[in-house]
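Chemist: The listed protein sequences correspond, in order, to chains L, S, H, G, B and C.
Residue numbers for the first sequence follow the working numbering, beginning at 32 and rising by one.
Residue numbers for the second sequence follow the working numbering, beginning at 32 and rising by one.
Residue numbers for the third sequence follow the working numbering, beginning at 32 and rising by one.
Residue numbers for the fourth sequence follow the working numbering, beginning at 32 and rising by one.
Residue numbers for the fifth sequence follow the working numbering, beginning at 32 and rising by one.
Residue numbers for the sixth sequence follow the working numbering, beginning at 32 and rising by one.
From the three backbone atoms N, C-alpha and C, an ideal C-beta is built for every residue, glycine too.
Before I ask anything, let me first share the structure, which is written out below as structure tokens.
6 protein chains.
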Amino acid sequence: MKDKTDKTIKSDGIHPYMKSMTWKEYASRSEDILIIPIGSTEQHGPHLPLCVDTVLAEEFSLRIADQIHGVMAPPLNYGYKSKPFSGGGPLFPGTIDLNGLTLQLLVQDLIDEFVRDGFRRILLFNAHYENEPFIVEAMDLCSGKYGNELRLWCTNWWDPLSGNVMNLIFDEVPFPGWALEHAAITETSLMMYFKPELVRYPLPAPTEPVKPAFCYKYPVEQGDIPSTGVLSTAASSSAAKGKLIADHVIKNIVNYLEEKKK
Amino acid sequence: MKDKTDKTIKSDGIHPYMKSMTWKEYASRSEDILIIPIGSTEQHGPHLPLCVDTVLAEEFSLRIADQIHGVMAPPLNYGYKSKPFSGGGPLFPGTIDLNGLTLQLLVQDLIDEFVRDGFRRILLFNAHYENEPFIVEAMDLCSGKYGNELRLWCTNWWDPLSGNVMNLIFDEVPFPGWALEHAAITETSLMMYFKPELVRYPLPAPTEPVKPAFCYKYPVEQGDIPSTGVLSTAASSSAAKGKLIADHVIKNIVNYLEEKKK
Amino acid sequence: MKDKTDKTIKSDGIHPYMKSMTWKEYASRSEDILIIPIGSTEQHGPHLPLCVDTVLAEEFSLRIADQIHGVMAPPLNYGYKSKPFSGGGPLFPGTIDLNGLTLQLLVQDLIDEFVRDGFRRILLFNAHYENEPFIVEAMDLCSGKYGNELRLWCTNWWDPLSGNVMNLIFDEVPFPGWALEHAAITETSLMMYFKPELVRYPLPAPTEPVKPAFCYKYPVEQGDIPSTGVLSTAASSSAAKGKLIADHVIKNIVNYLEEKKK
Amino acid sequence: MKDKTDKTIKSDGIHPYMKSMTWKEYASRSEDILIIPIGSTEQHGPHLPLCVDTVLAEEFSLRIADQIHGVMAPPLNYGYKSKPFSGGGPLFPGTIDLNGLTLQLLVQDLIDEFVRDGFRRILLFNAHYENEPFIVEAMDLCSGKYGNELRLWCTNWWDPLSGNVMNLIFDEVPFPGWALEHAAITETSLMMYFKPELVRYPLPAPTEPVKPAFCYKYPVEQGDIPSTGVLSTAASSSAAKGKLIADHVIKNIVNYLEEKKK
Amino acid sequence: MKDKTDKTIKSDGIHPYMKSMTWKEYASRSEDILIIPIGSTEQHGPHLPLCVDTVLAEEFSLRIADQIHGVMAPPLNYGYKSKPFSGGGPLFPGTIDLNGLTLQLLVQDLIDEFVRDGFRRILLFNAHYENEPFIVEAMDLCSGKYGNELRLWCTNWWDPLSGNVMNLIFDEVPFPGWALEHAAITETSLMMYFKPELVRYPLPAPTEPVKPAFCYKYPVEQGDIPSTGVLSTAASSSAAKGKLIADHVIKNIVNYLEEKKK
Amino acid sequence: MKDKTDKTIKSDGIHPYMKSMTWKEYASRSEDILIIPIGSTEQHGPHLPLCVDTVLAEEFSLRIADQIHGVMAPPLNYGYKSKPFSGGGPLFPGTIDLNGLTLQLLVQDLIDEFVRDGFRRILLFNAHYENEPFIVEAMDLCSGKYGNELRLWCTNWWDPLSGNVMNLIFDEVPFPGWALEHAAITETSLMMYFKPELVRYPLPAPTEPVKPAFCYKYPVEQGDIPSTGVLSTAASSSAAKGKLIADHVIKNIVNYLEEKKK
């Protein structure tokens, strides 16, 4: 069996794609770490597609799983509500917002089911800024049921980045904070590295980062943020920067998880 | 822009993949029919991967969307609980079961959001037997909110098959009913047609269909169904039969939807 | 004590009516099988009353309970949402539709409480087509709590019918499938047998079965189904056919349950 | 059509039993007041059956409906959790307790559906002490949706009793309060009047009323209340007292509702 | 450390205010009884502030905790929906009504958390008439989880009052029942005793008690109850009566709890 | 009327305390901005009490309300789950964690009720780091109901601080980020300013800030964070710094809201 989209199948046929496994192949892997990629369907400016967060969640998860002999579950393609100053907010078409409870129940059900299949170590790999609190609520409630039998982790792809790497990436403009790094240098660079065929050129002209209000405000209004949906400049993005981020993040997470396997 | 996995991009760049669109491309399509593929992650015997239902939901949706100038949303990769006599049930590893309420809320949120983006005609395309009642409950509750502004449809891929085509497919063995057609001739043939690289050979040896109990029984027990997870024989499957099914189903649904567009 | 409506009280005073027992009488029966009749309040054409499903659920349950020394709980008088092509749908006055979650919680609470009273074998006896998935969801969630301590079954009254009996019943017209057998030959015959005083004559004139759309469609529209609410012909119904069905179904379920008691 | 259990069918065929109506008969009645009897399945001492509350809810509702040309819906056979000092509490077998949310959702769904069928005046007639707050919560939430279009009432059968009548009933012992009037004089007398065949003799020997703690206490313990389940004496009960209560209550409610119809 | 509002700090620094403790001080108290004051924000006539119920819940709880070496948790400042004939109902501005489910979940979460901190005896001290059923539902569900490990009590401040004391308080007018004692003699007297600076003078002129309908009625209408929001007369209130009530109630509850500590 | 704890009553009797108002006083204020202080009950090291977040929420809200002629609602005394690296996490006694859904429903109910009372501008003033996502979810759902009729804001007390002020506060140690500023310089300084009598001395000895893991990890383990519960040093705290923060934050929020009133 060989999945053509599968870049990580080893010569012994071992690979991380749960989706492509038969149930018996999967059943033999329950001692491994399981990774659930959690993305979203959300506007990412005029140059990136709606699937950016899901693509990033999967591409990172795949590479991490590959290195730790892990299993990658099918991704969640929809996430929690985009907010104006971290994703552009609900007024953009193509931003498909789940209620918090829905995402929470979804993650709870998945954890319950993977535990039932024997997995004891699960990484929830998140690529959509607004998802985190509801993923963590699900983890908290599941952990209350399983206690020490089950180890759960949740990371965002940007969490493990060190200051050194950040300096290399933000060599031309200052880092605007992760909330505003939406459809901007890091996501654009990662897409140029992982899925160049999905990036439209020219990239948007350089802009100043959005200046967020200090408070959440409802109703959300047209004009609160730029009509492009880009919250900080994407100029100075490159596939090389994407690779730099990817390599660094993957290495750090792999090291962390390998430590946990000992 | 060109998504390498995209078999349906027209020369004018029009294609049905919502995931690969920018928000502006997507925004221009709200008069079109939107199709949400709903699959599952579920055991499908020793010869098929866990992603069968999601693959089928997507492959059918894609082709339908392509023909009706529709938009295909990202799929739901997880579905409602597999039952012993329609999918093998919860004891098989790799069968990841959502609670009914979770699936219902998920579908409700998606419908709400696509309506918010201006879509008025949505097809929920299902490929997992057990999903239907919870999809329909979500449709019912959303329809109560939007009334005649919103047209919703839900079909399973097997619903539009006529008796004539069924006779061609079940030329060697009798049709065991759709519940038992799990990992059997129709699903195997469709996978041989859509994703041959994911089918393992040799196919399972011919077997008699499982004889289901006349009632639901809990707890589910090992031994209620064959240890392979195949509920009816997959022998006599072929890519040609897969194509026959696909062409027939797609044509019928396309005709139905074209009628609705008038 | 003697309940005048009670046709099944034995000379030793043993009878299946939970409702008519004192708590002490009931407390002595927890080793027996408990049967919960689940009906609905739903249109059944111009010739049958709204209570058909509840009547059938109770009449079958009573006779089964009588033969297996079981206990019959009070029935659920309201059920899940009627659908156009299995019950006529929500536009008919008199069709009282519970939300799926409501029915599910109701069944969960009942199972929890009967378990608390010591019962370990419970049959959910259903007579309303659309109820099943939400009853089964409740069973699934409860079974997860009680495991092997608790045996749960759910059957519809039509599930145990064999092909032979079906041929005798559908001697004049073809069987249209259970979804369309609404207010038609089987339900009419059963009411003529169980509750002749509730059947209005003449029976509706013969009609062709409704031809259902292959997909669920919302909003439901007037005119999708016949204005009578009869989905298939009720002509050729008779009390004799009702008795035939009843005897056959009851015998099969009694045999099944007696087997389980061993 | 004539339902043998139907004591109230008029010569013109008009009667209050929704369950026995066809959908067309029911559809013609939406200008009338609809009454939903809400009972329970609960221990009622050694002399009364588990169905007391449901029987009382139905018998009162039927007579009221009969006098005001109203429609009586099928009863709710299960109610909210019995408490030790108002019904004996959860430790008695045969006391089947719904969660509050379940009862609330059930009543909400029913109100929604009867409104959808055109009814604008609905009486929730309760006979189980503990049900009230959750019925009222459902009324509150529904009323928020329908505003002045919908008139909702909820009464317990004991609410309309005047001091004069109470003095006649409690002629031998003092009135212990409604919470403790469980399986005691009023309920026993009503059952002797409405359903004498369901009362066991001799009635329990006279007892002092239970002396309730001033606070709710969990866990509920064996021994908190008498092992019979009778909270106040049932001695001095009689069918004549039952008739007295019934006539008085029915008259008061009928007068109240007739006033509302003007 | 000394909280200026703290009237009950002993010379050894022991006091009942959880809010003013550090976590270590609190951690040392888990063998003690924990009291959660549950109030509301609700209209209380022209002479009393919106915080009456919360003030009473806290003032009683504080004094009880002080005498039994207990711990008083921060109060719940909002409660369940005020009803016309027990609090004036929802039409009065300043009456802030939680849904029943919200209050229930809130109390469940608090009980769960105090149990997690090691407390095994918890008193829910209620001062808002309508709260009780939802507090008790929360207690019931939590007790189902913890069983005999956890002792829970719920009392209203008026529950422990004896007939003797009631006669002293209602020396000029008859007792109208607790539901109607809203913003009336008992609450006014207690506020005059506990928080005289929050009472406005002159007190409202004497009025007859409201005569409640015998049934719940929706929609709630202006004019159902007096426009002042006072349901029974507040005349004859006095700080002395307030002290009488307080001393009596506190003594009874303290005695009850001391008995439970043995 | 004069509440002794009320520092902000003007000579005309106008003050911001909703709790101390009668319903008529409150009813006259619905054109004003309403502020809901949202705190928590949570460990704050060996030197601060469990009520820090609630105290800060109230003290800020009071001063802001005072300056803008606003109304301050009673505070929420309990908040969402404390996390190890932003509040010390659930293992500390005294940290009382609500589920996310509970907090969300609570805030939704409050907003609904204040809207019903005529308020159209509501500020949710938060002082507990982990509360924000669930407050915002409630705002989002309510805003969907009320649209442009209702303006909602949510701010944390630390959101409006400018870099200049931050430099003055973190004059001796670097700013560790808001998550780690728990029981540290800012909270300690604010308590020294607002409630000096609740601060214990000596302050904890200087420590390095905790070094958080880059990911969320369950189960939470003892030893993940310092046993004191202090996440960054509280040394260099002072009442003067507290005043500096307070003045600055209050001024910024007042300016923002005054702008909105125009």
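1) Which parts of the segment 202 to 278 of chain H are runs of the alpha helix (DSSP H), unbroken and 4 residues or longer, counting only runs that do not cross its ends?
2) Any beta-carbon of chain A closer than 7 angstroms to the one on glycine 120 of chain L?
3) Along chain S, in chain order, which residues have C-beta atoms closer than 8 angstroms to that of glycine 260 of chain L?
4) Rounded to whole angstroms, what is the Cα-Cα separation between arginine 60 of chain G and isoleucine 200 of chain B?
5) What's the call for alanine 271 of chain H, buried or exposed, on a 16-neighbour Cβ count within 10 Å?
6) Considering only residues of the same chain and omitting the five flanking positions on each side of lysine 114 of chain S, which have a CB-CB separation below 7 angstroms?
7) Quick one: which chain S residues come within Cβ less than 9 angstroms of asparagine 198 of chain H?
8) Does any residue of chain C bring its CB to less than 7 angstroms from the CB of lysine 112 of chain B?
9) Taking C-alpha atoms, which residue in L/Leu122, L/Glu144, L/Tyr247 and L/Asp63 lies nearest to lysine 55 of chain S?
10) By a C-beta neighbour count over all protein chains shown, 10 Å radius and 16 as the cutoff for buried, is alanine 70 of chain B buried or exposed?
11) If contact means a Cβ-Cβ distance below 9 angstroms, which residues of the segment 77 to 88 of chain S contact chain L?
12) Output yes or no for whether 7 angstroms exceeds the beta carbon distance between proline 47 of chain G and alanine 96 of chain G.
13) Would you please state the rounded distance, in angstroms, between the beta carbons of serine 92 of chain B and phenylalanine 156 of chain B? I believe it to be under 8 angstroms.
14) Curious, which full-length beta strand (DSSP E) runs of at least 3 residues does the segment 131 to 200 of chain S contain?
15) What is the rounded straight-line gap between the Cα of aspartate 202 of chain B and the Cα of threonine 264 of chain B?
16) Sort out for me which residues DSSP pairs threonine 72 of chain G with in a bridge.
17) Out of C/Asn108, C/Thr259 and C/Ile142, which has the shortest C-alpha to C-alpha gap to lysine 176 of chain C?
18) Check for me: the alpha helix (DSSP H) holding arginine 94 of chain H runs from which residue to which?
19) Rounded to a whole number of angstroms, what is the C-alpha to C-alpha distance between leucine 129 of chain C and aspartate 171 of chain L?
20) With 7 angstroms as the limit, tell me which residues of the segment 234 to 260 of chain H have their beta carbon closer than that to any beta carbon of chain S; keep them in chain order.
21) Quick check: the Cα distance between isoleucine 99 of chain H and aspartate 84 of chain G, rounded to an integer number of angstroms?
22) Roughly how many angstroms lie between the CA atoms of threonine 12 of chain H and histidine 213 of chain H, to the nearest whole one?
23) Would you grab the beta carbon distance between alanine 169 of chain B and valine 138 of chain B for me? Rounded to a whole angstrom, and I think it's under 8 angstroms.
24) Of all the CB atoms in chain H, is at least one closer than 7 angstroms to the CB of lysine 282 of chain G?
25) With DSSP run on the structure shown, which of helix, strand or coil describes tyrosine 287 of chain S?
26) Exposed or buried, what is alanine 158 of chain H when buried is set at 16 or more other beta-carbons lying within 10 Å of its beta-carbon?
27) Alpha carbons only, please: which of H/Trp209, H/Thr39, H/Thr186 and H/Pro77 is nearest the one belonging to isoleucine 284 of chain H?
28) Can you give the Cα-Cα distance for leucine 181 of chain C and glutamate 62 of chain C, rounded to whole angstroms?
29) Looking at lysine 50 of chain H and the ligand MN, is the gap between the Cβ and the nearest heavy atom below 6 angstroms?
30) Given a cut-off of 7 angstroms, decide if proline 124 of chain L and threonine 259 of chain L are closer than it, judged by their beta-carbon atoms.
31) Is the separation between the beta-carbon of leucine 229 of chain H and that of proline 80 of chain H shorter than 7 angstroms?
32) Less than 7 angstroms between CB atoms is the rule here; does phenylalanine 123 of chain S satisfy it with respect to chain L?
33) What residue does the alpha helix (DSSP H) around glutamate 56 of chain H start on, and which one ends it?
34) Suppose contacts are defined by Cβ-Cβ distances below 7 angstroms. Is glutamate 144 of chain S in contact with isoleucine 127 of chain L by that definition?
35) What is the C-beta distance between glutamate 90 of chain S and phenylalanine 225 of chain S, in whole angstroms, given that I count them as a contact (C-beta under 8 angstroms)?
36) In angstroms with no decimal places, state the Cα-to-Cα distance between isoleucine 256 of chain B and valine 241 of chain B.
Modeler: Inspection of the coordinates gives the following:
1) 216 to 225
2) Considering every chain present, this structure includes no chain A. Its protein chains are L, S, H, G, B and C.
3) Sequence index remark: in the first sequence, residue 260 of chain L carries index 229 (1-based). What glycine 260 of chain L touches in chain S: Trp54.
4) Here residue 60 of chain G is taken as the residue at index 29 of the fourth sequence, counted from 1. Here residue 200 of chain B is taken as the residue at index 169 of the fifth sequence, counted from 1. If you take the alpha carbons of arginine 60 of chain G and isoleucine 200 of chain B, they lie about 53 angstroms apart.
5) On the third sequence, position 240 is the one that residue 271 of chain H refers to. Exposed, because fewer than 16 other Cβ atoms sit within 10 Å of the Cβ of alanine 271 of chain H.
6) As a working note, residue 114 of chain S is residue 83 in the second sequence. Contacts found: Gly120 and Glu161.
7) One-based indexing of the third sequence puts residue 198 of chain H at position 167. Those within 9 angstroms of asparagine 198 of chain H in chain S number zero; the least Cβ separation is about 17 angstroms.
8) Here residue 112 of chain B refers to the residue found at position 81 of the fifth sequence. Taking Cβ atoms only, chain C never reaches closer than 7 angstroms to lysine 112 of chain B, which makes this a no.
9) In the second sequence, the residue the question calls residue 55 of chain S occupies position 24. Closest option to lysine 55 of chain S, Cα to Cα, is L/Leu122.
10) As a working mapping, residue 70 of chain B is identified with position 39 in the fifth sequence. A quick correction: the sequence has glycine, not alanine, at residue 70 of chain B. Glycine 70 of chain B comes out buried.
11) Pro77, His78, Leu79, Pro80, Leu81, Cys82, Thr85 and Val86
12) Taking the first residue of the fourth sequence as 1, we reach residue 47 of chain G at position 16. Taking the first residue of the fourth sequence as 1, we reach residue 96 of chain G at position 65. Their beta carbons are under 7 angstroms apart, which means proline 47 of chain G touches alanine 96 of chain G by this criterion.
13) In the fifth sequence, the residue the question calls residue 92 of chain B occupies position 61. In the fifth sequence, the residue the question calls residue 156 of chain B occupies position 125. Contact flag correct, Cβ pair sits at about 5 angstroms.
14) 152 to 157 and 182 to 187
15) For the purposes of this step, residue 202 of chain B is taken as the residue at position 171 of the fifth sequence. For the purposes of this step, residue 264 of chain B is taken as the residue at position 233 of the fifth sequence. Taking the straight line joining both Cα atoms gives about 13 angstroms.
16) For this step, residue 72 of chain G is matched to residue 41 along the fourth sequence. G/Ile127.
17) In the sixth sequence, residue 176 of chain C corresponds to position 145, counting from 1. Cα-wise, what sits closest to lysine 176 of chain C is C/Ile142.
18) The count along the third sequence starts at 1 and reaches residue 94 of chain H at position 63. Its alpha helix (DSSP H) spans residues 83 to 99.
19) Position 98 of the sixth sequence, counting from 1, holds the residue named residue 129 of chain C. Position 140 of the first sequence, counting from 1, holds the residue named residue 171 of chain L. Roughly 12 angstroms between the two C-alpha positions.
20) Phe245, Cys246, Tyr247, Lys248, Tyr249 and Pro250
21) One-based indexing of the third sequence puts residue 99 of chain H at position 68. One-based indexing of the fourth sequence puts residue 84 of chain G at position 53. Straight-line Cα distance between these residues: approximately 28 angstroms.
22) Chain H is shown from 32 up to 293; residue 12 of chain H falls before or after that span and cannot be answered.
23) Here residue 169 of chain B refers to the residue found at position 138 of the fifth sequence. Here residue 138 of chain B refers to the residue found at position 107 of the fifth sequence. Going by Cβ atoms, the distance from alanine 169 of chain B to valine 138 of chain B rounds to 4 angstroms, so yes, they are a contact pair.
24) Here residue 282 of chain G corresponds to residue number 251 of the fourth sequence, with the count starting at 1. Not one chain H Cβ lies under 7 angstroms of lysine 282 of chain G.
25) The sequence position of residue 287 of chain S within the second sequence is 256, counting from 1. Of the three classes helix, strand and coil, the one that applies to tyrosine 287 of chain S here is helix, per DSSP.
26) Position 127 of the third sequence, counted from the first residue, corresponds to residue 158 of chain H. Buried: at least 16 other Cβ atoms inside 10 Å.
27) Sequence index remark: in the third sequence, residue 284 of chain H carries index 253 (1-based). Of H/Trp209, H/Thr39, H/Thr186 and H/Pro77, the residue nearest in Cα terms is H/Thr186.
28) For this step, residue 181 of chain C is matched to residue 150 along the sixth sequence. For this step, residue 62 of chain C is matched to residue 31 along the sixth sequence. Near 12 angstroms, if we compare the C-alpha coordinates of glutamate 62 of chain C and leucine 181 of chain C.
29) Inclusion of the ligand MN in the displayed structure is not the case, the ligand content being empty and no account of it being possible.
30) The count along the first sequence starts at 1 and reaches residue 259 of chain L at position 228. The count along the first sequence starts at 1 and reaches residue 124 of chain L at position 93. Going by C-beta atoms, threonine 259 of chain L is not nearer than 7 angstroms to proline 124 of chain L.
31) What you label residue 229 of chain H is simply residue 198 of the third sequence in a count that begins at 1. What you label residue 80 of chain H is simply residue 49 of the third sequence in a count that begins at 1. Closer than 7 angstroms, so yes.
32) Taking the second sequence and counting its residues from 1, one reaches residue 123 of chain S at position 92. Yes, phenylalanine 123 of chain S lies at the interface with chain L (some Cβ there is under 7 angstroms from its Cβ).
33) Indexing the third sequence from 1 puts residue 56 of chain H at position 25. Glutamate 56 of chain H -> alpha helix (DSSP H) spans 54 to 58.
34) Position 113 of the second sequence, counted from the start, is the residue given in the question as residue 144 of chain S. Position 96 of the first sequence, counted from the start, is the residue given in the question as residue 127 of chain L. Their beta carbons are under 7 angstroms apart, which means glutamate 144 of chain S touches isoleucine 127 of chain L by this criterion.
35) Stepping through the second sequence from its first residue, residue 90 of chain S is reached at position 59. Stepping through the second sequence from its first residue, residue 225 of chain S is reached at position 194. 4 angstroms between Cβ atoms; contact.
36) Working through the fifth sequence from its first residue, we reach residue 256 of chain B at position 225. Working through the fifth sequence from its first residue, we reach residue 241 of chain B at position 210. So the alpha carbons of these two residues sit roughly 7 angstroms apart.
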